[in-house]
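Participant: Protein chains in written order, with our numbering: chain A, 946 to 1284; chain B, 946 to 1284.
Number of protein chains: 2
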Amino acid sequence: MIFIDACFRKPTPYTPIWMMRQAGRYLPEYMAVREKAGDFLNLCKNPKLACEVTLQPVDILGVDAAILFSDILVIPLEMGMDLKFIKGKGPIFPEPLKDESQLCALDENAHLKLTYVYDTIKLIREKLANDKALIGFTGSPWTLATYMIEGQGTKVYNIIKKEIYKNPKFIHKLLKIVTQTVKLYLEEQIKSGVNAVQIFDSWAAALEEDKYLEFSWSYIQEICTYIKSKYPHIPIIVFPKSVPAYLDKLDGDFDVLGIDWGTPMEFAKDKIGDKFVLQGNLEPARLYSKEAIDDGVQKIVDVMKNEGHIFNLGHGMIPDLPVENAKYLVKRVQELTKR
Amino acid sequence: MIFIDACFRKPTPYTPIWMMRQAGRYLPEYMAVREKAGDFLNLCKNPKLACEVTLQPVDILGVDAAILFSDILVIPLEMGMDLKFIKGKGPIFPEPLKDESQLCALDENAHLKLTYVYDTIKLIREKLANDKALIGFTGSPWTLATYMIEGQGTKVYNIIKKEIYKNPKFIHKLLKIVTQTVKLYLEEQIKSGVNAVQIFDSWAAALEEDKYLEFSWSYIQEICTYIKSKYPHIPIIVFPKSVPAYLDKLDGDFDVLGIDWGTPMEFAKDKIGDKFVLQGNLEPARLYSKEAIDDGVQKIVDVMKNEGHIFNLGHGMIPDLPVENAKYLVKRVQELTKR
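Here it is as structure tokens:
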């Protein structure tokens, strides 16, 4: 699998490419299956349909890896928290956690309830071509904990931050519980057949540097160490979104570092050197125009030169991007980076 | 005025401090006046009440500068766009700009209609103590244009970005019109009595580096050059939020660079050196706790050492921060940086 080779910095015939949220609303085929499922959570919980949408972008776009179709919030959901996806508002936990006394109600065996995810993985791995990698994933403990405390997306994160500055023990306790679940969840994903795992720290930029290292990065490191010690052949990708200023302080037992589109690839390469393979970082909005794709791909390839690089967007696909441009991007990257 | 001295890197008895959104909802005195005004826009348009809330934080907290109470969106409003402030949703333009043909309907003399702002400034300058500076401000052309095209706050900015990658001429035309108005608006503010001006580029991080330099920074530079050539004694503060990776490329005819809380001060200092005075950058959520204030202030002061620094938050005050902690912060900074 050239995707796995690239994660381990082995030479590949071209730079492999996949796209965050490649199984998403921009694909009419995805919308049809989602319609059939009824709603987003039903789709996540239905292995047959989740498998179908996972495979779609591999068939339609020709990307080099599939990513498990699921949602990072299935962990808090299976820990016992009510979760609703409200149209136009995104995910909401109507009863977010208020204090330490509620932690004992969280199910510490949530990973055992996520069988629909493991069943989906097994199905996908059966049907996916042998030369294509399947990526499993999780949210970082920090990103998950933030949802559990804030209850929904937020601009200022003031509820969880108030706790961090006034009552850090509560948040650390929560993070420890979530970290333990994430470890076991990723382990089950690996046992079910994923070839690589990605840890999404989507809300990395919510914290200032010191607090980020303490409340997010240290837990990510713990997860990486655990997984790496047991499954050294499984590449780990970490994606801490929008924290360019201290990228070089983000060390750990992982293989690939995801770079968001706001961080110029040249800057990232300069900070990281060959320490980690880099994944990213095309601005998704460039997919509105083929000229913008050409220009953007060229700039990234000029910096990375088909070495230590996995091509990706710097954030997820936008729902109204044209499918034909996504196909064009994949073709362009595979051509332009051919050895 | 020690604030103005600090902007020009002259020695000051201590590091001056003010806080973004210091006249805001965390102050019961502000809420009382806002109640009286009826709504937010009425408050902006009422010089007597706007003057009153501008002065409140100077009296209550003892900060070294007042910032004009107003909103960046009065420019598109007076250009003829309908503007609504909806509770819990923020500002909304119900009829955002769709294409180039609508540009001719924008009033290019909007700066002449903003008399309520100039009247507010005159009133404030009469009542404000002579040793306290009054800061005027504007949104950057990019940030204003984004509101005018998107119609409201957004996570992905996909409407304006689609234009940028497909039809950049439309956006450049709009930016030129807005830039012209911003120049004249700042000029009128200066003539009315402000002692310094700040350009807020709140949505700087919406664009990747190249596009940022082209669609935002170049227009900011043009404004700075215009103002500086006519009013060299007026310090210009520019605040491009959350673009640490290319801070060092942000050159221009201004005096002070605002640093958001996500950019460590050490990193900013390292990138900028003595090229600009730095303003910032305490994480506002530290104001939830006195210990967190002590710790945060000390870290910043250790880096900046009362040289080339204006103390501020790295973002606006959060509505539920305790007033007594804001007072404590001002006292702490003024004590700790005393020469």
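Don't be surprised by glycine CBs; every beta carbon is placed ideally from N, CA and C.
Going along chain B, which residues have a C-beta under 9 Å from A:Thr1218?
Facilitator: Indexing the first sequence from 1 puts residue 1218 of chain A at position 273. A quick correction: the sequence has Gly, not Thr, at residue 1218 of chain A. The premise fails here: A:Gly1218 is roughly 16 Å from chain B at the closest Cβ pair, so nothing lies under 9 Å.
Participant: In chain order, what residues of the same chain have a beta carbon less than 6 Å from the beta carbon of A:Ala951, not counting five sequence neighbours either side?
Facilitator: One-based indexing of the first sequence puts residue 951 of chain A at position 6. Around A:Ala951: Thr957, Pro961 and Ile1255.
Participant: Just checking: is the beta-carbon of A:Tyr1110 within a distance shorter than 8 Å of some beta-carbon in chain B?
Facilitator: As a working mapping, residue 1110 of chain A is identified with position 165 in the first sequence. At least one chain B Cβ lies under 8 Å of A:Tyr1110.
Participant: Would you kindly report the start and end of the unbroken beta strand (DSSP E) that includes A:Lys940?
Facilitator: Residue 940 of chain A falls outside the range modelled here, since chain A spans only 946 to 1284, and no answer is possible.
Participant: Can the beta-carbon of B:Ile1080 be found closer than 8 Å to that of B:Ala1149?
Facilitator: Position 135 of the second sequence holds residue 1080 of chain B. Position 204 of the second sequence holds residue 1149 of chain B. For B:Ile1080 and B:Ala1149, no; Cβs fall outside 8 Å.
Participant: State the DSSP-derived secondary structure class of A:Phe1038, mapped to helix, strand or coil.
Facilitator: If you number the first sequence from 1, residue 1038 of chain A lands on position 93. Coil, per DSSP.
Participant: Which same chain residues, not among the five before or five after B:Lys1194, have their C-beta less than 6 Å away from its C-beta?
Facilitator: Translated into the one-based positions of the second sequence, residue 1194 of chain B becomes position 249. Counting only Cβ-Cβ distances below 6 Å, and skipping sequence neighbours, we find nothing.
Participant: Going by the CB atoms, is the gap between A:Ile1172 and A:Ile1179 shorter than 8 Å?
Facilitator: For the purposes of this step, residue 1179 of chain A is identified with residue 234 of the first sequence, where counting begins at 1. For the purposes of this step, residue 1172 of chain A is identified with residue 227 of the first sequence, where counting begins at 1. Yes. Within cutoff.
Participant: Sort A:Lys993, A:Val1242 and A:Met1093 by Cα distance to A:Lys1029 and report the nearest one.
Facilitator: Here residue 1029 of chain A corresponds to residue number 84 of the first sequence, with the count starting at 1. Comparing Cα positions, the closest option is A:Met1093.
Participant: For chain B, is any of its Cβ atoms less than 8 Å away from the one on A:Pro1041?
Facilitator: Mapped onto the first sequence, residue 1041 of chain A falls at position 96. Output row for A:Pro1041: interface = no.
Participant: So what does DSSP say about A:Gly1207, is it helix, strand or coil?
Facilitator: The residue given as residue 1207 of chain A occupies position 262 in the first sequence. Here A:Gly1207 sits in coil by DSSP.
Participant: Check whether chain B comes within 8 Å of A:Asp1239, counting only Cβ atoms and requiring the distance to be less than that.
Facilitator: Against the first sequence, residue 1239 of chain A aligns to sequence position 294. No - not a single Cβ of chain B is within 8 Å of the one on A:Asp1239.
Participant: What residues from chain B crowd round A:Leu1231, counting only those whose CB sits closer than 8 Å?
Facilitator: Stepping through the first sequence from its first residue, residue 1231 of chain A is reached at position 286. The sequence given here places Arg at residue 1231 of chain A; Leu does not occur at that position. Per Cβ cutoff of 8 Å: Tyr1110.
Participant: Just to confirm the assignment: which complete beta strand (DSSP E) runs, minimum length 3, are found wholly within the segment 1127-1186 of chain B?
Facilitator: 1141-1146 and 1181-1185, all fully within the segment 1127-1186 of chain B.
Participant: With distance defined between alpha-carbon atoms, name the residue in A:Tyr971, A:Lys1100 and A:Val1003 nearest to B:Lys1034.
Facilitator: Counting from 1 along the second sequence, the entry for residue 1034 of chain B is found at position 89. For B:Lys1034, the nearest C-alpha among the options comes from A:Lys1100.
Participant: B:Lys1032: which of B:Asp1004, B:Phe985, B:Leu1059 and B:Ala1074 sits nearest, CA to CA?
Facilitator: Here the question's residue 1032 of chain B lines up with position 87 in the second sequence. For B:Lys1032, the nearest C-alpha among the options comes from B:Phe985.
Participant: Look at A:Met1026 and A:Phe1014 and say whether their C-beta atoms are less than 8 Å apart.
Facilitator: By 1-based counting over the first sequence, the position of residue 1026 of chain A is 81. By 1-based counting over the first sequence, the position of residue 1014 of chain A is 69. No, Cβ-Cβ distance for A:Met1026 and A:Phe1014 is not below 8 Å.
Participant: Going straight from the alpha carbon of A:His1260 to that of B:Glu1153, what length do you get?
Facilitator: By 1-based counting over the first sequence, the position of residue 1260 of chain A is 315. By 1-based counting over the second sequence, the position of residue 1153 of chain B is 208. One C-alpha to the other measures close to 12 Å.
Participant: Looking at B:Lys1067 and B:Val1003, is the spacing between their C-beta atoms short of 8 Å?
Facilitator: Counted from its first residue, the second sequence places residue 1003 of chain B at position 58. Counted from its first residue, the second sequence places residue 1067 of chain B at position 122. Contact flag unset, no.
Participant: Kindly identify the DSSP beta-bridge partner or partners of B:Phe1256.
Facilitator: Position 311 of the second sequence, counted from the first residue, corresponds to residue 1256 of chain B. In DSSP, B:Phe1256 forms a bridge with B:Ile962 and B:Gly1225.
Participant: I'd like the span of the alpha helix (DSSP H) that includes A:Leu1022, first residue to last.
Facilitator: One-based indexing of the first sequence puts residue 1022 of chain A at position 77. Looking at the DSSP string, the run of the alpha helix (DSSP H) that includes A:Leu1022 is Val1019 to Glu1023.
Participant: Looking at the C-beta of A:Asp1208, does it have a partner C-beta in chain B at a distance below 8 Å?
Facilitator: Counting from one through the first sequence, the residue named residue 1208 of chain A turns up at place 263. This sequence places Thr at residue 1208 of chain A; Asp is not what is there. Yes, its Cβ sits closer than 8 Å to a Cβ of chain B.
Participant: From B:Arg954 to A:Gln1143, what distance separates their C-alpha atoms?
Facilitator: If you number the second sequence from 1, residue 954 of chain B lands on position 9. If you number the first sequence from 1, residue 1143 of chain A lands on position 198. So the alpha carbons of these two residues sit roughly 47 Å apart.
Participant: State yes or no: is the beta carbon of A:Phe1291 nearer than 8 Å to at least one beta carbon in chain B?
Facilitator: The question about residue 1291 of chain A has no answer here: the residues shown for chain A are numbered 946 through 1284.
Participant: Identify which residue in B:Gly1007, B:Ser1085 and B:Val1222 has its Cα closest to the Cα of B:Asp1016.
Facilitator: In the second sequence, the residue the question calls residue 1016 of chain B occupies position 71. Nearest option by C-alpha distance: B:Ser1085.
Participant: Use the C-beta contact count for A:Cys1049: other C-beta atoms within 10 angstroms, 16 or more gives buried, fewer gives exposed.
Facilitator: Along the first sequence, one-based indexing puts residue 1049 of chain A at 104. Under this definition A:Cys1049 is an exposed residue.
Participant: In the DSSP output, what is A:Gly1084 paired with across the bridge?
Facilitator: Residue 1084 of chain A sits at position 139 when you count from the first residue of the first sequence. Its beta-bridge partners are A:Phe1145.
Participant: Hey, would you say B:Val1248 sits closer than 8 Å to B:Arg1277, going by beta carbons?
Facilitator: Here residue 1248 of chain B is taken as the residue at index 303 of the second sequence, counted from 1. Here residue 1277 of chain B is taken as the residue at index 332 of the second sequence, counted from 1. Taking 8 Å as the Cβ cut-off, B:Val1248 and B:Arg1277 do not qualify as a contacting pair.
Participant: Could you check whether B:Ile1020 and B:Gln967 sit closer than 8 Å to each other, using their CB atoms as the reference points?
Facilitator: Position 22 of the second sequence holds residue 967 of chain B. Position 75 of the second sequence holds residue 1020 of chain B. Going by C-beta atoms, B:Gln967 is not nearer than 8 Å to B:Ile1020.
Participant: If you follow the beta strand (DSSP E) that B:Ile1245 is in, where does it begin and where does it stop?
Facilitator: As a first step, residue 1245 of chain B must be located in the second sequence, where it is residue number 300. Segment Lys1235 to Met1249 is the alpha helix (DSSP H) holding B:Ile1245; no beta strand (DSSP E) there.
Participant: Using alpha carbons as the reference points, say which of B:Ile1135, B:Phe1145, B:Gln1134 and B:Pro1185 lies closest to B:Leu1158.
Facilitator: Position 213 of the second sequence, counted from the start, is the residue given in the question as residue 1158 of chain B. It is B:Pro1185.
Participant: Quick one: is B:Glu1228 near chain A, going by C-beta distance under 8 Å?
Facilitator: Residue 1228 of chain B sits at position 283 when you count from the first residue of the second sequence. Chain A, which has a Cβ nearer than 8 Å to the Cβ of B:Glu1228, makes this yes.
Participant: Taking all protein chains shown into account, decide if A:Lys1128 is buried (16 or more other Cβ within 10 angstroms of its Cβ) or exposed.
Facilitator: Sequence index remark: in the first sequence, residue 1128 of chain A carries index 183 (1-based). Buried is the call here.
Participant: State the DSSP-derived secondary structure class of A:Leu1048, mapped to helix, strand or coil.
Facilitator: Position 103 of the first sequence, counted from the first residue, corresponds to residue 1048 of chain A. Three-state result, A:Leu1048: helix.
Participant: Any idea what DSSP makes of B:Gln1097, helix, strand or coil?
Facilitator: Taking the second sequence and counting its residues from 1, one reaches residue 1097 of chain B at position 152. B:Gln1097 falls in the strand class under three-state DSSP.
Participant: Rounded to the nearest angstrom, what separates B:Gln1166 and B:Gly1218 at their Cα positions?
Facilitator: Here residue 1166 of chain B refers to the residue found at position 221 when the second sequence is read from its first residue. Here residue 1218 of chain B refers to the residue found at position 273 when the second sequence is read from its first residue. Each residue's alpha carbon lies about 20 Å from the other.
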